[in-house]
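Residue numbers (my numbering): 22 to 120.
For each residue, glycine too, the CB sits at the ideal point set by N, CA and C.
Down below is the structure, laid out as structure tokens.
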Amino acid sequence: VGGVADHVHLLVSLRATHCLADFMQELKKATSVWAKENHEPEFGWQDGYAAFTVSYTHLDAVKEYIRTQEEHHRQTDFIEELKRLLEKNCVEYKRKYLV
């Protein structure tokens, strides 16, 4: 887990029988309850999320990427980072949905 003020990066392992949308719904629900009870009464997640698969051979690089998020975001904002990741992974997107 790593993140900054406006987003979070997670590296999770899901079995083929698990549904990503269900996982994200439960994760957002549980963390919203926790945040509201412990830190931020006005906390809320945005509606969407981005998810990428990672090969086992790239795990260490992804862990390092997540670990250095604070430093990384001194130079690049969230939207630019997301655009770069989408383009690098050949994912079509509409900029209006990246907010």
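Going by C-alpha distance, which of the options is nearest residue i?
i, options, result
"Thr52", "Val29, Val112 and Leu106", "Val29"
"Tyr118", "Ala71, Arg36, Val33 and Leu48", "Ala71"
"Lys49", "Gln67, Leu35, Arg36 and His39", "Gln67"
Between residue i and chain B, is there a C-beta pair that is closer than 8 Å?
i, result
"Ile100", "Protein chain content of the structure displayed is limited to a single chain, and chain B is not contained in it."
Rounded to whole angstroms, what is the Cα-Cα separation between residue i and residue j?
i, j, result
"Leu106", "Gln46", "22 Å"
"Phe73", "Pro62", "30 Å"
"Lys57", "Phe44", "20 Å"
On the three-state DSSP scale, how would you describe residue i?
i, result
"His93", "helix"
"His39", "coil"
"His30", "strand"
"Thr52", "helix"
"His60", "coil"
"Glu113", "coil"
"Tyr70", "coil"
"Leu103", "helix"
For the alpha helix (DSSP H) containing residue i, name the first residue and the last one.
i, result
"Ala82", "Leu80 to Arg88"
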